[in-house]
Structure formats: C-alpha cells, structure tokens
Amino acid sequence: MDQLEDGLDRYQERACSLLSDPALYINRELSWIRFNQHVLDEAKDPTHPLLERIKFLAIFSNNLDEFFMIRVSGLHHQLAEGVLKFPPDGLTTMEQLERIHKDLIPLLNEQTRIWFEDIIPELRKAGIIIHTRTSLNEKKRKNLRKYFFREIFPVLTPLAFDKSHPFPFISNLALNLAVILRRPGSHDELFARIKIPNKQFPRLIEITPDVADPISPGTQEFIFLEDLIAENLDLLFPGMEIVAAYPFRVTRDADIEIEEDEADDLLSAVEQSISKRWIGTPVRIEIAEDMIPAIIDMMGAKLAKYPHMFYRVKGPIGLADLFSMMNLDRPDLKDIPYAPSVPERLEKDPDIFHAIRQRDIILFHPYESFQPVINFLQTAAHDPDVLAIKITLYRTGTNSPIVQALLDAREHGKAVSVLVELKARFDEENNIGWARALERAGAHVVFGIMGLKVHAKLCLVVRKEKDGIVRYVHMSSGNYNAVTAKIYTDIGLFTANEEIASDVSHLFNVLTGYSQFTAYHHLLVSPGGIKKGIISRIENEIERQKSHGDGRIILKLNALQDADIIRALYTASQEGVHIQLQIRGICCLRPGIEGISDNITVTTIVGRFLEHTRIYYFHNGGDPVVLMGSSDLMPRNLKRRIEILYPILDAGIRNEVINTILPVHLRDNVKTRILQADGSYVRKTPGDAKPLQAQTWLIENRGIWNRNLMKKGSEISDR
112 MDQLEDGLDR YQERACSLLS DPALYINREL SWIRFNQHVL DEAKDPTHPL LERIKFLAIF
172 SNNLDEFFMI RVSGLHHQLA EGVLKFPPDG LTTMEQLERI HKDLIPLLNE QTRIWFEDII
232 PELRKAGIII HTRTSLNEKK RKNLRKYFFR EIFPVLTPLA FDKSHPFPFI SNLALNLAVI
292 LRRPGSHDEL FARIKIPNKQ FPRLIEITPD VADPISPGTQ EFIFLEDLIA ENLDLLFPGM
352 EIVAAYPFRV TRDADIEIEE DEADDLLSAV EQSISKRWIG TPVRIEIAED MIPAIIDMMG
412 AKLAKYPHMF YRVKGPIGLA DLFSMMNLDR PDLKDIPYAP SVPERLEKDP DIFHAIRQRD
472 IILFHPYESF QPVINFLQTA AHDPDVLAIK ITLYRTGTNS PIVQALLDAR EHGKAVSVLV
532 ELKARFDEEN NIGWARALER AGAHVVFGIM GLKVHAKLCL VVRKEKDGIV RYVHMSSGNY
592 NAVTAKIYTD IGLFTANEEI ASDVSHLFNV LTGYSQFTAY HHLLVSPGGI KKGIISRIEN
652 EIERQKSHGD GRIILKLNAL QDADIIRALY TASQEGVHIQ LQIRGICCLR PGIEGISDNI
712 TVTTIVGRFL EHTRIYYFHN GGDPVVLMGS SDLMPRNLKR RIEILYPILD AGIRNEVINT
772 ILPVHLRDNV KTRILQADGS YVRKTPGDAK PLQAQTWLIE NRGIWNRNLM KKGSEISDR
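Counting from 112, one number per residue, gives the positions in the sequence shown under our numbering.
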C-alpha cells in the first residue's frame, strides 16, 4: 500500500505539472447544462409517444430546479464567502454564474417553442386541449368562474405590498401572480401578490365534459390553474381595476447544511435543516416575459443581488408540474409497456439461496425484473435458517417492499441492521420516516458516518446451513427502490463468494461501528480506495501499452470530473492507450485534443431510461478486469462518500458484460451523442449501417446475457 501511495504521489506531481492547463478541462456546471439539453432534445423527438415527450419537458424543468437549488446556490455561497479556489477549468465563480445564465437562455426559449409549436398542436390532434384565457368561450368562462368561486376562491389570500405593507415572503418554488391594481379614478398603481395553490389543486384544471361542451366526444380540456385565477381576479379585488397580472417564481438555496460535529442528534439536525429548505437565500427569479420594470425593480431590491438571477419565461413557469399529464388514461400516447425478464436459473430454481450458491447472478434493470431482489429479502425475512440481514438504504421510495421485508424479518426474529442515509438529497423526510418505523420494529438503525454520505448499495444475508454459516451478498449501482428500478438502468449482482462476503461484512462493521478495516480482498472502497485503485489500473494499461501495445480502457459512468483521474486518462492517451468513455452527464475531460486526448472518445446516451450503470473495463493484457458499483469519478464520490466498486469474478458474467452489454451501448447510432473538444456534442447517425438503439435492443433481447450464461459452465475466476 505504501508503494502504491508513493507511486500515486509521484504520478500526480508529474501529471499536474504537464496537464494542468485550464483549457484542457470543461467546466462542471456547463457540462451538466449540455446533459440537460440532451433531455430537452428528447422532448422534440417525434419517435417518442406524445406524453413521453411531455415527460421529458418536465424532467428538463425538474432538473433545472434542483440545479439551481443545489449547484447555483453553492456558487452564490462561494461569492458571499469570497472563495478564490478555481476549478480545473479556471473559471471564476462570477464567470460561471454568468455563463450559466447565458447558456440557459436559448434552452429556455427552445423549451417554450417546443411546448407551443410542437406539443400543444399535437395534443389538440390527440383530443387534449390546453386552454389559455383568450381561447375560452363564454360558456366555459362562466362555468369555470362558478368552479373558481366555489373551490379555489376560499383558499386564496391576496397580499398587498407597499409602504405600509411589507414585501411578502416568497417561499421556494412557489408559483405566484404579481397583480397590478388601480382604485377607480386614480392613476396610482398598487401591487399585490397571490400564491397559486398548486399543492392543493392540480396545476392543470380539467374542464369537465358537461361544462366544457367539447368539440368532439372524448375530448379532454384543461386550463392552467394560474390562468384560471388570473381570469377571475375581480372576485378577489372587488371595486378595483385589474391592470395586469404576471406569474413569477423564486428558487431558493435548498442544500441543507449540517454541522455534524456539532450535532448531538443527527436525526434531529436533519429534520431542522429540512424545515429551513424553503426559506433559503434566493438564487433564481423566473418572471413572465412581459412583466413591467416596476415590479422587476421591486423584486430586484428585495430578492436579487445580481442581474443573472432573473430569467424571463415566455410560457408557463415551472413545467415540472407537467409530470401530472402522465396520469392521463391514454396508453396510445405512452411508451408500450413490456414485461422485464427473470434470469432462467431463478425461474428454474425456487430456492434463491441455492441458485446464488451455485453461481453468481447478474440482474440488469429495467430489462430484467427487480422482483428477484425483493424476493431475496422476503425469503430471508421468513427463512428460519436466516440469522441476520444488513443493508444500506439511500432512496427507497414510498410504500417500499424492501422496507416491508425488513420489518417482516424483525417480526420473525431476525437480527436486522440498516444504515439509512438521512442526507439523501430531497429524500430526507422519506428516509426519516422509514428509519423511525424500523427502529420501532427493533432493527438496529444507523444514520451514517460523521462527515460522509453513504452511497454504497449493499445487502448481506447471513444464513446457517448444514455445512456452516454462509453469507449471501447483493451489490448494485442502483438504489433499493422498486420504482426507479423500472426507469433507471442499473446492474446488480448476487454472490456467495466467501472473500467478497468477508469484505462486505467488514465494510458493514466500518459503517456501524468503529472499525478502521481497509484490507479488502476485492472491494474498492472510498474515500481513498477507489481513486487509488482506478489510477493504479490506468497506469497498468499504460505499462501494457508500452510493452505490448494492447492497452485499452472502457468506462461507462454517470459523471467524470476528478482532475487527477482525468490527467491519468490524458497520460494514457498520450502513450497510445485506446480509451472509450460513455458518460451520461457531466464530463470535464476534453477528447480529441491532438497530442493530449486524441486516443479518447466520449459518447453519451439519453433515451427512454436514465442511464445509471457504472462499468469499469480494463483490458489487462487479455485477462480483463471488470468493476461495477455505486461510484462515479467525481470528487464527492471519491472523497466525501462511502462508495464501492466490486469486481466481476465470474468469467461467464464478465464475458457477457464485455461482449454484449458494453458493445451494444458503444454501437448505439440512434441515441448516442459524441462529445467534441470544444465541449459541444454532435448526434451520431447510422449512415449506411443498420440503426441500432441500445435500450430498444436490450428490451427486445432482455435476459440474453443470463440465458447465455446457462450454457457457459461455471468457471469462477481465481483472480
């Protein structure tokens, strides 16, 4: 280990001096914006069913909300605190904020164009009409007015703001109307704010058929809630002249900060921090495009420190609410559902523990079902031979069958230990609820490690069998979440390998106790271990390239940001190592720079499912190393989280990853985009080749890797 650390230090010193030019790095925030642009591109792709295109619009907006609440708020903190440390790309904090604003404006304009020019006309063709105030006929207007007065009016509370009324507090992501009024006979303008109750009412109010007088039978008609309120403002301000009404929304810093070393009770500290999420410092103000300067100036004085905080929006604000349209009973406008497969060995062998003992099992979600993972825990909960279950929970979702299995295990007397990560962003409240339920059931619940976030996905089942204690392990790139397992691509592994099980047991002792264990047989564990392990394997490929000319690396990740690892990849490229990177989101490496990265290609896939799998492949002179797990190559994963990467030791599974799973993604010529040296992307096209869309191919051939494994024998690598 000391030799490895010394080698790493020497390497970093050499590489830093040669490859530290800021021009070699793409800014993290601007790279993320390019990823979100790819999401927006899917919204205008006519090969997607119409409601799925609307879903991509909603994802684009929801992504932006989180980006401002977390990333942009962090940049504002840096400004306020005078932080002078620059990222590898060299942009100052203010330069980043100004570039973010500049790069987002055309995307927001494109989002509006897609909604009005592409989506709205297609919805009308499909019998779904989204009304504006001007498109309502008199009958609809009158009947909606009755509905408004009966249902919505009692909930609203107009708030005046002037010299005698303080500017009202605007909570995070609350949609509002800024209303301009005049008293009869006066030219003086008065201002009021109305908070749109879109938590109490649907954002899109359906106009019932008997009220709507539909154009044709089966037509569904809607109006945005804010438009309905704006149409009836005279009922809220009787005797006043309504001059104008403008929607607006404020985004605030929502990145909870917990001083863990000062917190006596982490659970209480997280709860207190959550309560402050909606009152953080403003970081973005979305306003109607035609909002008058007087209101903008007033908001600027109260809410905005910098001009870049204002974003003029031509259409509806907060289109993340369009997720609700996926609830429409229109299967003809959605993706065709499919039934994920179950590995043949698990179908043939009802004893899941026996099946795992015979041989490792890979599950590739969502092409393969998540149900075997649920069955694994449910079986363990009821099996009289199971002694203990240990698991990490990061995002479990609501009504979690995983948590229910753990509760059942406690009812049946099993020792259950659960590490619940309370700091899973925007899932804190949900996790607190599960943690308390598990504690009440008698489970040993741990809330993580001081100063670190536990992101590793691990489950260990300890079972007493006739030949002694056997430990069964499940590890994955994805959360123990039955909902996201249907929409995220993740790979999980079942194994009873004794050395891996020993590693996992030791890691749980690190997580729940005071163990300082680091001598893992196979696992790479961060902080520390993953970065050292990856750089070591990159250096090994460099040496192979020098001696045999066969250095090759393939990485399929969510994000690549760590500067040291990027420099290691640059060095490998300079030595001639062939490197293929498929990075779904943030990529700070610039490919194709002559003499630096001309042996590196970077692609990304954005499609029906969120690419979430992490696969690390190193050719290793023909004895390939394949690692999988929870970690991307970002400073947060490598330094501030408990993450794991685990090797694929089963030769058959390893071959299927190398010969099927990786190639089908790298050969995709429909949904693939190729990163250019300037940070832009170009769409890969089939050309004369047959079109290949990886996600579609995997749906149509789901389970092919496990079916092939049935024919390959049971060789286990002894590496």
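The beta carbon of each residue, even a glycine, is placed where N, CA and C say it ideally should be. As the structure is a prediction and not an experimental result, all values here were calculated from the model.
CB of residue i within 7 Å of CB of residue j, strictly
{"i": "Ala-289", "j": "Arg-304", "result": "yes"}
{"i": "Glu-610", "j": "His-633", "result": "yes"}
{"i": "His-617", "j": "Phe-628", "result": "yes"}
{"i": "Leu-336", "j": "Ile-307", "result": "yes"}
{"i": "Leu-749", "j": "Leu-738", "result": "no"}
{"i": "Val-497", "j": "Ala-491", "result": "yes"}
{"i": "Leu-569", "j": "Val-514", "result": "no"}
{"i": "Gly-696", "j": "Lys-782", "result": "no"}
{"i": "Val-557", "j": "Glu-550", "result": "no"}
{"i": "Asn-573", "j": "Arg-582", "result": "At residue 573 the sequence reads Val, which differs from the Asn that was named. Yes, they are a contact pair."}
{"i": "Gly-660", "j": "Val-688", "result": "no"}
{"i": "Val-531", "j": "Ala-554", "result": "no"}
{"i": "Ile-211", "j": "Glu-140", "result": "yes"}
{"i": "Ala-499", "j": "Ala-526", "result": "yes"}
{"i": "Met-437", "j": "Lys-166", "result": "yes"}
{"i": "Val-584", "j": "Ala-552", "result": "no"}
{"i": "Leu-444", "j": "Leu-208", "result": "no"}
Beta bridge counterpart(s) of residue i as assigned by DSSP
{"i": "Phe-146", "result": "None, per the DSSP bridge assignment."}
{"i": "Arg-582", "result": "Val-573"}
{"i": "Asn-287", "result": "Lys-306, Phe-359"}
{"i": "Asp-176", "result": "Looking at the DSSP assignment, Asp-176 forms no beta bridge with any residue, so it has no partner."}
{"i": "Pro-758", "result": "Leu-738"}
{"i": "Phe-421", "result": "Ile-396"}
{"i": "Glu-332", "result": "Ile-240, Ile-318"}
{"i": "His-476", "result": "Asp-601"}
{"i": "Thr-714", "result": "Gln-693, Ile-785"}
{"i": "His-555", "result": "Ser-528"}
{"i": "Ala-499", "result": "Ala-526, Val-573"}
8 Å Cβ shell around residue i - same chain, five flanking residues per side excluded
{"i": "Arg-778", "result": "Leu-803, Ala-805"}
{"i": "Pro-735", "result": "Tyr-728, Phe-729, Arg-765, Ile-769"}
{"i": "Val-394", "result": "Phe-179, Met-180, Val-183, Ser-184, His-187, Thr-362, Arg-363, Asp-364, Met-420"}
{"i": "Phe-348", "result": "Pro-269, Val-290, Leu-292, Ala-303"}
{"i": "Gly-835", "result": "A question about residue 835 goes unanswered here, because the residues of the chain that appear run from 112 up to 830."}
{"i": "Ile-403", "result": "Ile-291, Ala-355, Tyr-357"}
Option nearest residue i by Cα separation, candidates the options
{"i": "Phe-302", "options": "Ile-316, Glu-352, Asp-338", "result": "Glu-352"}
{"i": "Val-621", "options": "Ser-528, Leu-666, Gly-329", "result": "Ser-528"}
{"i": "Arg-506", "options": "Asp-471, Pro-269, Gln-672, Tyr-591", "result": "Tyr-591"}
{"i": "Leu-292", "options": "Thr-796, Thr-509, Ala-356, Met-437", "result": "Ala-356"}
{"i": "His-242", "options": "Asn-283, Ile-334, Ile-690, Ile-407", "result": "Ile-334"}
{"i": "Gly-562", "options": "Arg-751, Ala-612, Ser-588", "result": "Arg-751"}
{"i": "Ile-645", "options": "Gln-656, Ala-630, Pro-758, Gly-193", "result": "Pro-758"}
{"i": "Gly-391", "options": "His-465, Asn-283, Ala-405, Ile-403", "result": "Asn-283"}
{"i": "Ile-653", "options": "Ile-690, Ile-502, Asp-345", "result": "Ile-690"}
{"i": "Val-775", "options": "Asp-789, Ile-810, Ala-134", "result": "Ile-810"}
{"i": "Ile-580", "options": "Met-437, Phe-464, Asn-248, Gly-798", "result": "Phe-464"}
{"i": "Arg-747", "options": "Glu-767, Pro-638, Lys-801", "result": "Pro-638"}
{"i": "Tyr-792", "options": "Lys-236, Ala-762, Phe-487, Thr-714", "result": "Thr-714"}
Proximal residues to residue i (C-beta, below 6 Å), its chain only, five neighbours per side dropped
{"i": "Ile-144", "result": "Asp-214"}
{"i": "Leu-202", "result": "Asn-138"}
{"i": "Ile-281", "result": "Val-361"}
{"i": "Glu-722", "result": "Thr-600, Arg-695, Ile-716"}
{"i": "Arg-648", "result": "Phe-729"}
{"i": "Tyr-136", "result": "Pro-199, Asp-200, Cys-699"}
{"i": "Ala-674", "result": "Pro-199"}
{"i": "Asp-156", "result": "none"}
{"i": "Arg-830", "result": "A caution first: Arg-830 carries a pLDDT of 26, below 50, which makes its placement in the model too unreliable to give a value."}
{"i": "Ser-626", "result": "Asn-620"}
Cutoff 7 Å; reference residue i; Cβ partners in own chain excluding five residues on either side
{"i": "Phe-171", "result": "Asn-147, Val-150, Leu-151, Ala-154, Gln-222"}
{"i": "Ile-641", "result": "Leu-635, Ser-742, Leu-749, Glu-754, Leu-756"}
{"i": "Leu-680", "result": "Ile-649, Ile-690, Leu-700, Ile-711"}
{"i": "Pro-133", "result": "Pro-199, Asp-200, Gly-201"}
{"i": "Gly-426", "result": "Thr-223, Trp-226, Phe-227"}
{"i": "Pro-451", "result": "Pro-477, Tyr-478, Glu-479, Ser-480, Arg-813"}
*Looking at C-beta atoms only, is the number of pairs between the segment 251 to 270 and the segment 459 to 477 that lie closer than 8 Å three or more?*
As far as the Cβ criterion goes, the segment 251 to 270 does not touch the segment 459 to 477, which means the pair count is below three.
*Would you call the segment 704 to 714 and the segment 161 to 175 touching, i.e. three or more CB-CB distances under 8 Å?*
At 8 Å Cβ cutoff, the stretches do not touch.
*Could you tell me whether the segment 397 to 411 touches the segment 252 to 261, using the rule of 3 or more Cβ pairs below 8 Å?*
Contact between the segment 397 to 411 and the segment 252 to 261 is absent, because fewer than three Cβ pairs lie under 8 Å.
_Under 8 Å, with one C-beta from each stretch per pair, do the segment 307 to 316 and the segment 417 to 436 reach the 3-pair mark?_
A contact exists between the segment 307 to 316 and the segment 417 to 436.
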